[in-house]
Amino acid sequence: MPVYSISHVENVRVCVVMVGLPARGKSLISQKIVRYLSWLSIKSKCFNVGNYRRQIATMPIEVDAKFFDPNNEEGLKYRQQAIDLAIDDMMRWFSDEQGVVGILDATNSTRARRETILKLCRENYIEPMFLESFCDDQDLVLQNILDVKTTSPDYVSKPQDYAMKDFLQRIEYYNQIYEPMDAVTDSELTFIKLVNVNSQIILNRIESYLESRIVYYVMNLHIKPRCIWLSRHGESEFNVTGQIGGDSNLSTRGWRYAKKLPELVLKSLGPDAQHTNLTVWTSTLKRTQQTASFLPYKKKLQWKALDELDAGECDGMTYEEIEQKFPEDFKARDDDKYEYRYRGGESYRDIVIRLEPIIMELERQENILIITHQAVLRCLYAYFMNVPQHESPWMSIPLHTLIKLEPRAYSTLVSRIKADIPAVSTYKEKGTSQLGESVEGMSSKSRDLISASAES
Amino acid sequence: MSSSAISDDEGELYNGFGSSPISRNQMRTTKRWSFHNNTRPLMDLPVDANTGGKPRRLSDITGEDGVHKTLNPYSEWGGAQLYSTESGRLFHAGKIIIALAGLPGRGKTHLSVSLTRYLRWLGVKTHSFHLGDYRRATAEDNNLTHDLFVPTPSSKQAHAVREKAVNECLNDILNFFKADKGQVAIYDAVNAIPEFRLELHKKFTELNIQVLFIESLVTDDKIIQKNIEEAARLSPDYTNWDYEKAKKDYSERINALAPYYQPMGTEESQLSYIKFVNFGERIELHNSSYGYLINKVVFYLMNSRIKSGSVFFARCYKNTMDYASDPPLDAEGIQYAKNLTLTLVEHLKYCGKDYIGEGSILRPAELKRELSVDERQPPTGVDGVDKDSLVIWTSVKKRTIATTQFFTKRNIKVRHRIQLSQKNPGIVGSMSESEIEEKYPEFYQQYEQDPYHYRFPRAESYHDLAIKIEPLILEMERMSGDILIIADETILQVFYGYLMSCSCYEIPSLNFKEDEIIEIKFNAYSNSAERIKIKDFANTLNVK
Numbered sequence: 006m007p008v009y010s011i012s013h014v015e016n017v018r019v020c021v022v023m024v025g026l027p028a029r030g031k032s033l034i035s036q037k038i039v040r041y042l043s044w045l046s047i048k049s050k051c052f053n054v055g056n057y058r059r060q061i062a063t064m065p066i067e068v069d070a071k072f073f074d075p076n077n078e079e080g081l082k083y084r085q086q087a088i089d090l091a092i093d094d095m096m097r098w099f100s101d102e103q104g105v106v107g108i109l110d111a112t113n114s115t116r117a118r119r120e121t122i123l124k125l126c127r128e129n130y131i132e133p134m135f136l137e138s139f140c141d142d143q144d145l146v147l148q149n150i151l152d153v154k155t156t157s158p159d160y161v162s163k164p165q166d167y168a169m170k171d172f173l174q175r176i177e178y179y180n181q182i183y184e185p186m187d188a189v190t191d192s193e194l195t196f197i198k199l200v201n202v203n204s205q206i207i208l209n210r211i212e213s214y215l216e217s218r219i220v221y222y223v224m225n226l227h228i229k230p231r232c233i234w235l236s237r238h239g240e241s242e243f244n245v246t247g248q249i250g251g252d253s254n255l256s257t258r259g260w261r262y263a264k265k266l267p268e269l270v271l272k273s274l275g276p277d278a279q280h281t282n283l284t285v286w287t288s289t290l291k292r293t294q295q296t297a298s299f300l301p302y303k304k305k306l307q308w309k310a311l312d313e314l315d316a317g318e319c320d321g322m323t324y325e326e327i328e329q330k331f332p333e334d335f336k337a338r339d340d341d342k343y344e345y346r347y348r349g350g351e352s353y354r355d356i357v358i359r360l361e362p363i364i365m366e367l368e369r370q371e372n373i374l375i376i377t378h379q380a381v382l383r384c385l386y387a388y389f390m391n392v393p394q395h396e397s398p399w400m401s402i403p404l405h406t407l408i409k410l411e412p413r414a415y416s417t418l419v420s421r422i423k424a425d426i427p428a429v430s431t432y433k434e435k436g437t438s439q440l441g442e443s444v445e446g447m448s449s450k451s452r453d454l455i456s457a458s459a460e461s
Numbered sequence: 062m063s064s065s066a067i068s069d070d071e072g073e074l075y076n077g078f079g080s081s082p083i084s085r086n087q088m089r090t091t092k093r094w095s096f097h098n099n100t101r102p103l104m105d106l107p108v109d110a111n112t113g114g115k116p117r118r119l120s121d122i123t124g125e126d127g128v129h130k131t132l133n134p135y136s137e138w139g140g141a142q143l144y145s146t147e148s149g150r151l152f153h154a155g156k157i158i159i160a161l162a163g164l165p166g167r168g169k170t171h172l173s174v175s176l177t178r179y180l181r182w183l184g185v186k187t188h189s190f191h192l193g194d195y196r197r198a199t200a201e202d203n204n205l206t207h208d209l210f211v212p213t214p215s216s217k218q219a220h221a222v223r224e225k226a227v228n229e230c231l232n233d234i235l236n237f238f239k240a241d242k243g244q245v246a247i248y249d250a251v252n253a254i255p256e257f258r259l260e261l262h263k264k265f266t267e268l269n270i271q272v273l274f275i276e277s278l279v280t281d282d283k284i285i286q287k288n289i290e291e292a293a294r295l296s297p298d299y300t301n302w303d304y305e306k307a308k309k310d311y312s313e314r315i316n317a318l319a320p321y322y323q324p325m326g327t328e329e330s331q332l333s334y335i336k337f338v339n340f341g342e343r344i345e346l347h348n349s350s351y352g353y354l355i356n357k358v359v360f361y362l363m364n365s366r367i368k369s370g371s372v373f374f375a376r377c378y379k380n381t382m383d384y385a386s387d388p389p390l391d392a393e394g395i396q397y398a399k400n401l402t403l404t405l406v407e408h409l410k411y412c413g414k415d416y417i418g419e420g421s422i423l424r425p426a427e428l429k430r431e432l433s434v435d436e437r438q439p440p441t442g443v444d445g446v447d448k449d450s451l452v453i454w455t456s457v458k459k460r461t462i463a464t465t466q467f468f469t470k471r472n473i474k475v476r477h478r479i480q481l482s483q484k485n486p487g488i489v490g491s492m493s494e495s496e497i498e499e500k501y502p503e504f505y506q507q508y509e510q511d512p513y514h515y516r517f518p519r520a521e522s523y524h525d526l527a528i529k530i531e532p533l534i535l536e537m538e539r540m541s542g543d544i545l546i547i548a549d550e551t552i553l554q555v556f557y558g559y560l561m562s563c564s565c566y567e568i569p570s571l572n573f574k575e576d577e578i579i580e581i582k583f584n585a586y587s588n589s590a591e592r593i594k595i596k597d598f599a600n601t602l603n604v605k
C-alpha cells in the first residue's frame, strides 16, 4: 500500500465557534459542516451546548424562558455548567481522538465568552474560527422557529403557541446581552459573519485552505426544497458474467430497466409534480448513458467524476479470478475496503476526493437525477445519509432500484422504488468471492447524526 | 446558429449571476435584444460588425503569459470548464462585468490579472480591460499628468483625454460581450466616486449585463509601499523611467487622487459589491445573489495571496512506465532524485533564499511560533504560510515518492496527493502515438482533432485532470513560500497551463524535459517561466 496522507488537510486543527441568537440556523450549519467534512475524512464533530444542558440530570428547575434571563442566577449556573461540559469534551476530543474540526454550537453571544474560548484554543494550538449567523429579518426568524424549534426537546408535550411565545421570550433574554461581531472590534479574529442568510457576508482573516473550504461550502448551501434521485445503471453484460469494471453494454434486462426508468421517475415525482424538470447526470461509461437514453429531460450532463471505481489490473475480472490471482490483495480489500486501492486503480477514498466538486454542485443545484455506478453511489449516498466510512463500502444498493433523497434541515428522507425487473446481485459480502445478499438481508445501513431517517 | 443556442443565451440573461433568479435589488429592463443580431448598435457607439472593431489595447509584457491574449470568440476554451451552452458561455451564469474600484497602489491590476487567469482556467471567457492602457494611448506624448487621473480634471484638455480613454475602454468591453461572446469583463480603473459607479451600474444593467464591483482597500502602509515599488519597476506607465523618479511620481499620483476617492457605501446600497481589504485580510460581500461564478470568485479571493515564492516543476524520472503497475524507482532514478534535490537547493541559495541549511531546513515554521494567548499567531500546521519555506507535492506512486526521499531527509515537507497521478491512458496504455494510430485509427483521428478533451476508451482526458486538480490550484495560490511539484508530464502541463494561462489547445503540446526544473515566478502584470538545468552531481548519467 502506498503511503497516504489526506490531501486538503495540512496539520491544522480548527475550532468553529458558532455565534448568534437562538433560531438563526446555527445548528443546521454546524450539522452540514460536520457531514461534509466527515465525508471528506476530515475528522469533525459538533458539540451542542443545548444537548449538554439537557443532560444535566440533577437540574431541579424548569427550563422555560425565565431560565435564560441573564439575571436568573440559578439558570446562569446551569448554563455555565453546560458550556463547561461541552468545551471539556471538545478539548478532550481534540487531544485524545485527534479531532481536526470541532464545532462549538452555542450562542456564544458575549465578547467575554468568546475571549475565553479564544484563549483556550490558542493555548492548545487550535485555530479558532468564529461563525456568526446574524438575522434581523423577523420573518426568517419566525419561520425557523416554526420549522424547528417548536419541536425542540425543550418543548415536548407543550402546545405549539406556548412554545412559540416562550421561545421568543428566550431570544429576547439573549438579545439583552448579545454583542454581535464587527469588523473593527474583532479585526484580529478569524471570523465569518452571515447576515440574513447570505445576503451579506463578512470574511475576516481566513488563514488556511481548510477554513476557506468550510466558508465556500457554507456559501453554497441553500434552503430551497428539492430532491435528488439516484440510480445505478441497468444490469450490464459484465454484471451478468460477474466481471467488475469494464465498459460493457446493458443486458436485455438492463435495457428493460432503462425503458421503465421514465415511468419510475414520474411515479416518484407524484401526481402534483409531473412536470418538474430534472437535470440528468451520468458517467462517461456506456451503461449509464444507455440507462438514461429514454429519459425525456433535455439537460443531460456526463461527468468523468461519476465513473465507476477503477479496479486497475483487476478490471474485467470476476471476484473469483481476483481471489485466485491476487489472494493477498483480495484479503487486504476485505480487511479495509475503504482504504484499499486496487493495483494501478482506486480506493473508495479516492472516489470521494474526485466526487467533491460534484457534492458542491449538488448542494447548489435543485432537482437532479444521477445515474451512476455501485461504488460511486455508495459514496454519494454516504454523504447524504452520514454513513461512516467502514460501513459505506459494504452497503447494498441493488440494481433496478430508484432511490429518492429529500434533504431536510436535520436529516435526509429516503425512499426507494423497485422496478420489478429481475437483475443479478452484485453484492459481495466480506470474506467470500460469491455474489448475492446474505439470508438475513444485510439491508443498507443508513443513519443520520440527528435522527434515523424514515426509510420506506 | 441554431434556435436552441439563442434560447440558451436568453436563458443565461434571465439567470443572471447564477441559477437563482435575479436579485430583487437588480434593476431589470424589459428591453432586451438578441446578441446574435450583430448590426444592432450597443449604447451610443458604433461597433464594427465583423471583428469587434480594432484590436483591443493589450498590456502584455513578456508574451509568455497568455493571460492578456485576446480570446478567439468561438474556439478558445479554458482548462477546467465544467459545462457551457452552445453560445460558449458558462451554463447558467450570464454576462458579468467586474468593475474594480480603489486608489492606485491598491493592487487592482494584480487583482484583475489573477482573476482573469483563474476564470479563464474555469473556461469562462474573461478579459481584463486596464484603463491605464487606454490612457497611455490617448494622452499626448505619453505625458501622464496627475490631472488625467482625477475624476474632475481642472484642464479641459485633460478632461477630454479622460473621456476619450474611458469611452474607448467601455466600447471595447461592449464589443467583447457582443462580438467576442465574452462572459466576464474586468474593468480595471479607479472608479473613484459614487457618481461614476452608479452610472456604470446603470449602463450595463440596462444591457442585461450584471455589474459586480470589487473595491480594493488597503489600510496597511507596508502593502502600499510594496505596490509603489513594484509599479515603479514594472508598470508600463514607467517604462524607461528612472526608478526613484517613478516611485516619486507614483506616490504623488496617489496623493493627488486620494482626496477625491470615496469608498463604496450607503449611497450604493443597491449595488452588488465586494470590499477586498488588505488583500484578503477581510472580504465583505454586499448584495450579491451568489451564483456559481461569484461564489467561485469569492473562493478564489479567499485564497489568493501576493506571492513571493515560486512554483517549481520537475518530472519524476522515467515516467513512461505502464500506468496500471506501480514499479519502484531504479538506481538511475535515485541518482536523478539526488541531482534534482541538490540542484534545487543550490538554485534557491543562488536566489538568496537561504532557508535550507547544509543538512536540513533551518527553522521549521512550527518552531518560530511562540505561545502567547493574548495575540494573534500565524496558524499552526498550515503549509507555506512562511515565505521562507519549501513544500513538495507529489503523487502516490512509488516512483514519485522515492524521488522525494532526499528532500525528506532534509526535513522538507512532502505531501502526497492522489490527484497528482498521471493521466490515465486507458486502453492505449503506454503505446506511442504511431502505435495508437496503427491499432486504433478511428480513435486516433478523434484524438488528433482535440487532444485536450478527447478520451480514449477508459482513459482520462487533460480536461478531466484539470477538474481534478482544481482544489490544488487554490491551495497553491494560498501558499506564499516555494513549492515544488514532482509529477508526470501530463500533470505538469496542466499546472503550467493554469499558471501561464495557456489555451487548452496548447496544453497537450507543452514540453517538459527530464533534465530540467521549470520555475514559475509571479508578478502583478504577468508570470514568467525559467528553465533550470539539473546538474549531474555524480557523473553517472553521462551515458548518452
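Sequence lines, in order, name chains V and A.
Position in the first sequence counted from 1, then plus 5, gives you the working numbering.
Position in the second sequence counted from 1, then plus 61, gives you the working numbering.
For glycine and all other residues, C-beta sits at the position ideal for the given N, C-alpha and C.
So which residues on chain A does residue i lean against when the C-beta distance must stay under 8 Å?
i              : result
residue 124(V) : 434 and 435
residue 355(V) : 479
residue 212(V) : 439, 440, 443 and 446
Since residue i is in the beta strand (DSSP E), which residue starts that stretch and which ends it?
i              : result
residue 454(A) : 451-455
residue 271(A) : 271-278
residue 77(V)  : Segment: none, residue 77(V) is in no beta strand (DSSP E) and carries neither H nor E.
residue 107(V) : 106-110
residue 334(A) : 333-338
residue 235(V) : 233-237
Residue i to residue j, Cα distance in whole Å?
i              : j              : result
residue 394(A) : residue 460(A) : 8 Å
residue 405(A) : residue 475(A) : 15 Å
residue 86(A)  : residue 333(A) : Note on residue 86(A): pLDDT 30, under 50, position unreliable in the model; no value is reported.
residue 635(A) : residue 305(V) : Here chain A covers residues 62 to 605 and nothing more, so residue 635(A) does not appear.
residue 168(A) : residue 409(A) : 27 Å
residue 134(V) : residue 558(A) : 34 Å
residue 84(V)  : residue 93(V)  : 14 Å
residue 187(A) : residue 230(A) : 15 Å
residue 313(V) : residue 59(V)  : 45 Å
residue 231(V) : residue 273(V) : 13 Å
residue 529(A) : residue 568(A) : 16 Å
Counting only Cβ pairs nearer than 8 Å, list the residues of chain V close to residue i.
i              : result
residue 528(A) : 309, 310 and 362
residue 345(A) : 188, 205, 206, 207 and 208
So, is residue i buried or exposed, given that buried needs 16 or more other C-beta atoms within 10 angstroms?
i              : result
residue 367(V) : buried
residue 348(V) : exposed
residue 436(V) : exposed
residue 428(A) : With a pLDDT of 47 at residue 428(A), under the threshold of 50, the modelled position of that residue is not reliable, and no figure is offered here.
residue 412(A) : exposed
Starting from the beta carbon of residue i, find every residue of chain V whose beta carbon is closer than 7 Å, and list them in chain order.
i              : result
residue 360(A) : 217 and 221
residue 543(A) : Near residue 543(A) there are no residues of chain V at all, since even the closest Cβ is about 16 Å away, more than 7 Å.
So residue i is in the alpha helix (DSSP H); what residue range does that whole segment cover?
i              : result
residue 408(A) : 392-411
residue 172(A) : 169-182
For residue i, which residues in chain A fall below 7 Å Cβ to Cβ?
i              : result
residue 284(V) : Ordered by position in chain A, no residue passes the 7 Å Cβ test against residue 284(V), which lies about 10 Å from the chain.
Since residue i meets chain A, which of its residues come closer than 9 Å, beta carbon to beta carbon?
i              : result
residue 252(V) : 518 and 519
Open item on the list: If we require 3 or more residues per run, which beta strand (DSSP E) segments fall completely within the segment 123-164 of chain V?
Closed with: 132-139
Open item on the list: What ranges does the beta strand (DSSP E) occupy inside the segment 358-422 of chain V, keeping only unbroken runs of at least 3 residues that lie completely in it?
Closed with: 373-377 and 406-412
- [ ] Mind listing, in chain order, the continuous alpha helix (DSSP H) runs of no fewer than 4 residues lying wholly within the segment 163-200 of chain V?
- [x] 165-182
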